[in-house]
């Protein structure tokens, strides 16, 4: 693990906020409200919280449908998605890739067949999937993705190598669940074979494990408690929190005032405890500047 030379400097709690921007899933009865209503609602919360220009919006991609047709039933997505992308860019926010790391083998909308294992033993498949995702992303978004988080935190073998070959230098596909320990700095350069391992070279893809999903209900209590404790760290620490665009809505597509209130309160809690909100690009530069202040050991971080 990394160990620090304490310098007595001011608190360095770096918080990264990102949104998995997806079509409505699960129990949600609507297909498109997460885009048409959810994203603007989140814009408003981020504006009030003072983190406009610091959020990374991750756009889903899979081999079956690709980005543009991520929800094939949604004319709204195809027709209006470019306007949302442009607004995100106008805000100064970042755009990242949210790929599904499975191989679609066939079927239809009611009966799909996926290969969940190929990404663990086929580096060429992983490279092809990431490369095709980046190419499609650039066509739709007009920029290359700044970072990546895989769908369902499916870490996949050789992901770091595939990302680096596509000039993506930041990843957040490792999840620190509530039962997992989080230790400073909660960031490391990833090995090419497995993003859960540290690189012995000391550069390359910066892995910033995700600290938790900003939700509501009983888990939100533990997320707040954990975050308060992590903000007391004496050492520099990077905390990555995420949410989904459709979480801003109820299952009927109405505004979820309870969720938005909790989100605003949670961001306020982090701010009140001395956290600094940063973008993914800023995180990469900050870590590069502090890495020489760390003692390095080959211990693999907990997952």
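Residue numbers (our numbering): 66 to 368.
Built from N, CA and C at the ideal position, the CB exists for glycine as well.
No experiment lies behind these values; they were computed from the predicted model shown.
Assumed close pair residue i, residue j - CB separation to whole angstroms, cut-off 8 Å
{"i": "residue 160", "j": "residue 104", "result": "The pair is not a contact, with the Cβ atoms about 13 Å apart (cut-off 8 Å)."}
{"i": "residue 81", "j": "residue 273", "result": "6 Å"}
{"i": "residue 296", "j": "residue 338", "result": "4 Å"}
{"i": "residue 213", "j": "residue 228", "result": "6 Å"}
{"i": "residue 126", "j": "residue 202", "result": "7 Å"}
{"i": "residue 222", "j": "residue 184", "result": "7 Å"}
{"i": "residue 313", "j": "residue 106", "result": "4 Å"}
{"i": "residue 79", "j": "residue 348", "result": "6 Å"}
{"i": "residue 345", "j": "residue 208", "result": "Not quite, the Cβ-Cβ distance comes to about 13 Å (not below 8 Å), so this is no contact."}
{"i": "residue 113", "j": "residue 329", "result": "7 Å"}
{"i": "residue 303", "j": "residue 251", "result": "5 Å"}
Boundaries (first-last residue) of the beta strand (DSSP E) holding residue i
{"i": "residue 125", "result": "121 to 126"}
Under the three-state DSSP convention, the category residue i falls into
{"i": "residue 78", "result": "strand"}
{"i": "residue 85", "result": "strand"}
{"i": "residue 180", "result": "strand"}
{"i": "residue 265", "result": "coil"}
{"i": "residue 167", "result": "coil"}
{"i": "residue 118", "result": "coil"}
{"i": "residue 284", "result": "helix"}
{"i": "residue 102", "result": "helix"}
{"i": "residue 154", "result": "helix"}
{"i": "residue 107", "result": "helix"}
Where the alpha helix (DSSP H) through residue i begins and ends
{"i": "residue 164", "result": "Premise fails: residue 164 lies in the beta strand (DSSP E), 159 to 164, not in any alpha helix (DSSP H)."}
{"i": "residue 204", "result": "188 to 206"}
Cross-strand partners of residue i (DSSP beta bridge)
{"i": "residue 212", "result": "235"}
{"i": "residue 278", "result": "307"}
{"i": "residue 272", "result": "236, 253"}
Practice task
Ignoring anything shorter than 3 residues or poking outside the segment 294 to 363, list the beta strand (DSSP E) runs there in chain order.
Solution key: Runs of the beta strand (DSSP E) inside the segment 294 to 363: 302 to 309, 340 to 342.
Exercise for the section: Pick out the complete alpha helix (DSSP H) segments inside the segment 214 to 259, 4 residues or longer, and give them in chain order. Expected result: Qualifying alpha helix (DSSP H) stretches, in chain order: 224 to 230.
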